[in-house]
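*Asks:*
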Amino acid sequence: MRVTPLAADSMGTRSMATLVEADGWKILIDPGVALGPKRYGLPPHPKELERKEDHWKRVKEAAKDAQILVITHYHHDHYHPQEMEIYRGKTLIIKDPKSHINRNQAKRAKAFLQDLGETPRGVMVGDGRAFNLEGVDLVFSPPVPHGKSSRLGYVIQVAVHYGGETFLFTSDVQGPLLPQQQEFILDMDPSVLYVDGPMTYMMGTRFSREDLEAALKNLLEIL
512 MRVTPLAADS
522 MGTRSMATLV
532 EADGWKILID
542 PGVALGPKRY
552 GLPPHPKELE
562 RKEDHWKRVK
572 EAAKDAQILV
582 ITHYHHDHYH
592 PQEMEIYRGK
602 TLIIKDPKSH
612 INRNQAKRAK
622 AFLQDLGETP
632 RGVMVGDGRA
642 FNLEGVDLVF
652 SPPVPHGKSS
662 RLGYVIQVAV
672 HYGGETFLFT
682 SDVQGPLLPQ
692 QQEFILDMDP
702 SVLYVDGPMT
712 YMMGTRFSRE
722 DLEAALKNLL
732 EIL
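So for the sequence shown, the working numbering puts the first residue at 512; every next one is plus one.
1) For Glu559, which option in Ala573, Arg569, Met522 has the closest C-alpha, if you only look at C-alpha atoms?
2) Between the segment 668-676 and the segment 644-657, are three or more C-beta pairs nearer than 8 angstroms?
3) Note down the Cα distance separating Gln691 from Gly639, rounded to an integer number of angstroms.
4) Using a Cβ-Cβ cutoff of less than 6 angstroms, which residues in the same chain neighbour Ala620 once the five nearest sequence positions on both sides are dropped?
5) What number of angstroms, rounded off, separates the C-alpha of Glu732 from the C-alpha of Met512?
6) Out of Arg717, Gln616, His611, Ile696, which has the shortest C-alpha to C-alpha gap to His589?
7) Smallest Cα separation from Ser652: which of Gly633, Val666, Arg717?
8) Report, in whole angstroms, the separation of the C-beta atoms of Leu627 and Ala573, which I expect to be a contact under 8 angstroms.
9) Between Ile579 and the rest of its own chain, which residues show a CB-CB distance below 6 angstroms, the 5 nearest in sequence each way excluded?
10) Looking at the secondary structure, which residues open and close the alpha helix (DSSP H) in which His566 lies?
11) For Asp700, count neighbouring Cβ atoms within 10 angstroms of its own Cβ and tell me buried if that reaches 16, exposed if not.
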């Protein structure tokens, strides 16, 4: 199994876009790239805008050969709502657009699916389901809160099993902070874990010291 991070906060953009390759399958998880519109009260720097373009080119290039695209939730750093061509001929496995979803994401999901039309090969809901790809298994968690509450909606976590290895992609759990987020990770027992981690850049506003301690405790238990 080969795992390639295509874009990420630590690489200069808001994203968790990741390509997973196993046994001839190419699975692109969360093909979106964004920037904070006003982080610390400042607009994106020209270098950030340039990096966003570079990262989006990487995601589009990876999408060309991917057979499966996964969307864990409907925030723009996790899917692209305009460039429908990346979805052409692909199988999409998506967060349920009608269940365990807040109003904002439900609105985005509805518009996205309408704009998709007949572009993809097929669209399937992933929440709590498993798919066998002739040697590669995809397992999705039930919907879990985006962070410590459902105010920002819900996400689905993704596990890819192949050849005795498991790669797990947590999506935006911000920690993990909650038992139901941690439970899926422990159940899957991943050999490689891609976790978004504590939201320390919001420390003191939307993320507390208690949240950080809970996230670190849960991460240590996973390790």
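Note that the Cβ used here is the ideal one computed from N, Cα and C, for glycine as well. Since the model is a prediction, treat every value here as computed from it, not as a measurement.
*Replies:* Taking the definition as stated:
1) Answer by Cα proximity: Met522.
2) As far as the Cβ criterion goes, the segment 668-676 touches the segment 644-657, which means the pair count is three or higher.
3) Gln691 and Gly639: Cα-Cα distance of roughly 12 angstroms.
4) Cβ-Cβ distances below 6 angstroms link Ala620 to Tyr585, Pro608 in the same chain, with the five nearest sequence neighbours on each side left out; the list follows chain order.
5) Roughly 25 angstroms between the two C-alpha positions.
6) In terms of Cα proximity to His589, the closest of Arg717, Gln616, His611, Ile696 is Gln616.
7) Looking at the Cα atoms, Val666 is the closest of the given residues.
8) Contact doesn't hold; Cβ gap of about 19 angstroms is too wide.
9) Cβ within range, chain order: Ile538, Thr602.
10) His566 -> alpha helix (DSSP H) spans 557-576.
11) Asp700 should be labelled exposed.
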